[in-house]
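Just so you know, the UniProt record's numbering puts 107 at position 107 of the sequence shown, and the rest follows in order with no gaps.
Take a look at the structure set out below.
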Amino acid sequence: MKVFISKNIPSPGIEALEKSGFEVYINESSHRLPQPDLIEACQEVDFLLNVGQGKLDADFFEACKHLKGVALTSVGFDHVDLDAATTHGIPVSNTPDVLSDATADIAFLLMLNVSRKAFFRAMQVVNGAWADFEFTKELGTTIQGKTLGIYGLGRIGLSLARKAQAAYDMKIIYHNRSRNIEAERLVDATYVNFDQLLTQSDVLSVHSNLTEETQYRFNKDAFKRMKSSAIFVNTARGKIHHELDLIDALSTGEIWGAGLDVTDPEPMQPDNPLLKMSNTCVFPHIGSATLETRTQMALLAANNIIAAKNGNNMPQVVNV
Ligand code: DGY
C-alpha cells in the first residue's frame, strides 16, 4: 500500500507508516501543493495524509475517489468537503485531544500579551523607540480575578479555563449551543447566553469550530455589546470574527484589545491595520506548533491510516 504525505511531518509519523509496510511518498517542498498537483500525486496511492489547512473539495474527492482514507493533521475540518468524501465512501480522520493544551497555551499567551501590550512594547525596543522609563503611558491592564468568557467550551476551551482559574483566579463563563455538564464538573464554569457572554467578559476567547452558524459571529453587533475594556482572543478560525468590524471596534474603542492566532485570509498581509495597533498581537496560526504536539499529531494521523489499511475503522473518523 502507498501513502502520500502532502507536507513533511515529524519522523515518528513516517516511521510508523513505514513499519506497518507502507511505501511513503512526501512532498518535500515547504510549499503546499496546488490542487492539480495534489490530485496528480494521489493518483497512484491508496491514502492521503493531508498536512495543515490545504483545501480538499468536491473536485478533489471526485478526482481521487479511489482513495481508501484521508488523515488530517488538524482538529478542525472546515477545509474538507466531508459530504463529498462520504459520497465516495472515503473515511476522513482528524487529530483531536493531542493539541488541546498547546492551543490553550497560545490563547493564554495572547490574552496575557495583549493585556500588557507586550508585543507592541517589545517592538518599541526592536525599533529603537525605548526612550525612557514611562510611568503613565501605554499601560496595560491586569487579568487577575477578571472574567474569562469562553465561546465553545470543548477540549481546548476547558484547558484554557483550567489554566486561567489556577494561575489568575479568573471567573469562567461560557457559551455553547447547549450546556457542557461534563466540562462543568471539571472546572468551575457558568453557562450564559450569547449576549451575557458578550456583556460580561473581560477577556472573550473563541474555541468553536467554523460552521455556518459560527461564521462572522463576532461582528459589528457583537463587538458593540462587549465592554470597552474587553480583550477579544481567537485561536480557532479567522472567519469566526469579521475582520473589518474588529478593526473598527478597536479603532473606535468599542473594545480594548485583540489577540489572534488565526486570520482571514491566512497569511495576513503585513500592511494590515491590526499589526499597527498597540493593543493587538497576531501570531501565524501556531496553536499546535510544539515539537511534542506536532509529533503526536503526526502519529495520530499515521495510526488512523494504519487502522484503515488493516481493515479497521479509523479511530478518529469524522465522517462515516
Ligand atoms: C487545528 O488543528 O485545527 C489547528 O487550527 C491547526 O490547523
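Positions of the beta carbon are idealized from the N, C-alpha and C atoms, including for glycine.
From a predicted model like this one, the values you see are computed outputs, not experimental measurements.
- If you look at Thr214, you'll find it isn't in any alpha helix (DSSP H); DSSP assigns it neither H nor E.
- Annotation for Ile26: the continuous beta strand (DSSP E) segment containing it runs 23-26.
- For Val80, there is no enclosing alpha helix (DSSP H), since its DSSP letter is neither H nor E.
- In the structure shown, Ser6 falls within a coil segment according to DSSP collapsed to helix, strand and coil.
- In chain order, Phe77, Val92, Asn94 place their CB closer than 6 Å to the CB of Val318, counting only its own chain and leaving out the 5 sequence neighbours on each side.
- For Lys171, the enclosing beta strand (DSSP E) starts and ends at 171-175.
- Pairwise C-beta distances place the segment 175-190 in contact with the segment 147-161, as three or more of them are shorter than 8 Å.
- For a cut-off of 8 Å, the C-beta gap from Ser208 to Thr214 is around 5 Å, short enough to register as a contact.
- Going down the chain, each residue whose beta-carbon is closer than 5 Å to a heavy atom of the ligand DGY shows up: Ser74, Val75, Gly76.
- Less than 9 Å separates the beta-carbon of Ser251 from that of Met277.
- DSSP, reduced to helix, strand and coil, places Ala258 within a strand of the structure shown.
- Separation of Gly89 and Ser6 (C-alpha to C-alpha, rounded to the nearest whole angstrom) is 21 Å.
- The C-beta distance from Ile231 to Ala189 rounds to 18 Å, too long to meet the 8 Å contact threshold.
- In the DSSP assignment, Ile306 falls within the unbroken alpha helix (DSSP H) covering 291-309.
- DSSP, reduced to helix, strand and coil, places Ile181 within a helical segment of the structure shown.
- Shown here for Asp37: not one same chain residue has a beta carbon closer than 6 Å to its own, the five before and five after excluded.
- Checking the DSSP bridge columns, you'll see Ile150 partnered with Tyr174, Ser205.
- One Cα belongs to Ala63, the other to Ile305, and the distance between them is close to 20 Å.
- For Leu198, the enclosing alpha helix (DSSP H) has its first and last residue at 194-200.
- For the 9 Å CB-CB criterion, Ile247 and Pro273 form a contact.
- Around the beta carbon of His241, 16 or more other beta carbons lie within 10 angstroms, which makes this residue buried.
- The beta carbons of Ser288 and Trp256 sit about 28 Å from each other, so the pair does not count as a contact at 8 Å.
- Residue range 11-19 is occupied by the alpha helix (DSSP H) that includes Gly13.
- When beta bridges are read from the DSSP output, Ser30 appears opposite no residue.
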